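Undergrad: Just so we're aligned, residue 102 is where the sequence shown starts under my numbering, counting upward by one. Where is the CB? At the ideal position from N, CA and C, for every residue including glycine. From a predicted model like this one, the values you see are computed outputs, not experimental measurements. Sharing a structure here in structure tokens format.
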Amino acid sequence: MPLQVTDWTPNDELRPVGNATLLVVDIQGGGEAPHPTTLGGMDGQLERRQPAIDLVNAFRAKGRPVVFLQEVHKPSLVDIGRELDGAEGVHCVEGDPTTELYPGLEPLPHEYLIQKRRYSGFFGTELDIVLKAYDTDTIVMIGGLTDVCIHYTAVDAHQMDYHFRTVSDLVGGSSDKAHAAALRAMKYLQRDSLVTAASAHAWLDTLPDAPMPGADAMAAKA
């Protein structure tokens with residue numbers, strides 16, 4: 102019998118390996134009504150926005166790196182590739198207010214915003230370089246969609262030998278069923294991969310306050 106993952110309940114403790122970086126994946130929508138492909142079909146997506154902001158600020162307060170991902174395509178769609186072959190229509194077009202990052206979830210001047218043309222945050226981007234600059238061992242992911250950009254980024258992270266932790270109550274999928282299936286698939290890859298926002302805050306609470314990486318250099322130039 103092939104190995105089955107029958108329980109994908111998140112761990113009640115976040116146990117990162119080595120240094121952890123928070124990856125904020127495609128939390129878009131700007132100040133307008135969020136684009137359906139950035140929110141998905143699950144209920145409660147907008148209610149997850151403030152807890153996501155809270156977790157970003159908690160990482161910052163402890164001097165832990167935060168990296169932002171944004172899917173974006175040219176209006177010509179010359180860079181959208183095969184993404185229109187599936188269930189999604191045209192999405193994340195440059196200049197559309199719904200493509201902008203959600204207010205409160207934008208990078209600070211010393212933080213990185215990585216724009217991507219594909220679902221995985223690693224494909225054709227500098228994400229691996231940035232993570233290595235932060236000496237990252239474990240990425241902690243929030244955002245969406247669970248079954249698309251979160252899952253494919255997790256797969257590439259796994260294959261590049263990063264540990265990953267998906268904050269299961271701060272990600273949302275294209276449907277409840279697809280969300281659950283993606284969490285199950287991620288737990289198949291790494292047994293400790295699913296955690297909660299509460300466990301992330303509890304881990305951060307054990308750390309001393311520290312300056313954010315790069316913030317001191319920015320202040321010195323001011």
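Beta-carbon within less than 6 angstroms of residue 228's beta-carbon, same chain only, minus the 5 sequence neighbours each way: which residues are those?
TA: Locating residue 228 in the sequence shown gives position 127, where the first residue counts as 1. Closer than 6 angstroms at Cβ, skipping near neighbours: 215, 222.
Undergrad: Since residue 303 is in the alpha helix (DSSP H), which residue starts that stretch and which ends it?
TA: Working through the sequence shown from its first residue, we reach residue 303 at position 202. Residues 298 to 306.
Undergrad: Please report the straight-line C-alpha distance between residue 266 and residue 276, rounded to a whole angstrom.
TA: Taking the sequence shown and counting its residues from 1, the one referred to as residue 266 is at position 165. Taking the sequence shown and counting its residues from 1, the one referred to as residue 276 is at position 175. If I take the Cα positions, the gap works out to 21 angstroms.
Undergrad: With which residues is residue 124 paired in a DSSP beta bridge?
TA: By one-based count along the sequence shown, residue 124 stands at place 23. Bridge partners of residue 124: 168, 242.
Undergrad: Note down, one range per segment and in chain order, each beta strand (DSSP E) of at least 3 residues found wholly within the segment 229 to 282.
TA: Complete beta strand (DSSP E) runs here, min 3: 239 to 245, 264 to 273.
Undergrad: For a test of the three-state rule: what should DSSP assign to residue 181, helix, strand or coil?
TA: Along the sequence shown, one-based indexing puts residue 181 at 80. Three-state result, residue 181: coil.
Undergrad: With 16 other CB atoms within 10 Å as the buried threshold, where does residue 196 fall?
TA: Numbered from its first residue, the sequence shown carries residue 196 at position 95. The residue in question, residue 196, is exposed, as its Cβ has fewer than 16 Cβ neighbours within 10 Å.
Undergrad: Does the pairing of the segment 184 to 194 with the segment 234 to 244 give three or more beta-carbon distances under 8 angstroms?
TA: no
Undergrad: Is it the case that the segment 174 to 188 contacts the segment 144 to 155, given that we only count it when at least three CB pairs across the two stretches are under 8 angstroms?
TA: No: the two stretches stay apart, fewer than three of their Cβ pairs being nearer than 8 angstroms.
Undergrad: For residue 157, does the three-state DSSP call read helix, strand or coil?
TA: Your numbering for residue 157 matches position 56 in the sequence shown. Correct three-state label for residue 157: helix.
Undergrad: Shortest alpha-carbon distance to residue 313 belongs to which of 161, 280, 271, 230?
TA: For the purposes of this step, residue 313 is identified with residue 212 of the sequence shown, where counting begins at 1. Minimum Cα distance to residue 313 is reached at 161.
Undergrad: Pick out whichever of 152, 282, 308, 253 has its Cα sitting closest to the Cα of residue 108.
TA: Position 7 of the sequence shown holds residue 108. The candidate whose alpha carbon is nearest that of residue 108 is 282.
Undergrad: Assuming residue 302 and residue 118 make a contact with CB atoms under 8 angstroms, what is their CB distance in whole Å?
TA: Taking the first residue of the sequence shown as 1, we reach residue 302 at position 201. Taking the first residue of the sequence shown as 1, we reach residue 118 at position 17. With 8 angstroms as the limit, residue 302 and residue 118 do not qualify as a contact, their Cβ atoms being about 19 angstroms apart.
Undergrad: If you reduce the DSSP assignment to three classes, tell me which class residue 112 lands in.
TA: The residue labelled residue 112 in the question sits at position 11 within the sequence shown. Strand.
Undergrad: For a test of the three-state rule: what should DSSP assign to residue 288, helix, strand or coil?
TA: The count along the sequence shown starts at 1 and reaches residue 288 at position 187. Correct three-state label for residue 288: helix.
Undergrad: For residue 128 and chain C, any beta-carbon pair shorter than 8 angstroms?
TA: Among the chains in the structure shown there is no chain C, since it carries only a single protein chain.
Undergrad: Give the secondary structure of residue 206 by DSSP, where H, G and I count as helix, E and B as strand, and everything else as coil.
TA: Your numbering for residue 206 matches position 105 in the sequence shown. Residue 206 falls in the coil class under three-state DSSP.
Undergrad: If I measure Cβ to Cβ from residue 169 and keep anything under 6 angstroms in the same chain, skipping five residues before and after, which residues do I get?
TA: Reading the sequence shown from its first residue, position 68 is the one you call residue 169. Excluding residues within five positions, the ones whose Cβ falls inside 6 angstroms are 125, 208, 214.
Undergrad: Return helix, strand or coil for residue 146, following the three-state DSSP convention.
TA: Counted from its first residue, the sequence shown places residue 146 at position 45. DSSP places residue 146 in coil when its eight states are reduced to three.
Undergrad: Could you tell me the alpha carbon to alpha carbon distance between residue 259 and residue 288, rounded to whole angstroms?
TA: Your numbering for residue 259 matches position 158 in the sequence shown. Your numbering for residue 288 matches position 187 in the sequence shown. Taking the straight line from one Cα to the other gives about 11 angstroms.
Undergrad: Suppose the cutoff is 6 angstroms on Cβ atoms and the five residues either side in sequence are ignored; what does the same chain contact list for residue 309 look like?
TA: Translated into positions along the sequence shown, residue 309 becomes position 208. Answer for residue 309: no residue qualifies.
Undergrad: Note down the Cα distance separating residue 268 from residue 198, rounded to an integer number of angstroms.
TA: Position 167 of the sequence shown, counting from 1, holds the residue named residue 268. Position 97 of the sequence shown, counting from 1, holds the residue named residue 198. Near 27 angstroms, if we compare the C-alpha coordinates of residue 198 and residue 268.
Undergrad: Who does residue 194 pair with in a DSSP beta bridge?
TA: Here residue 194 corresponds to residue number 93 of the sequence shown, with the count starting at 1. Per DSSP, 174.
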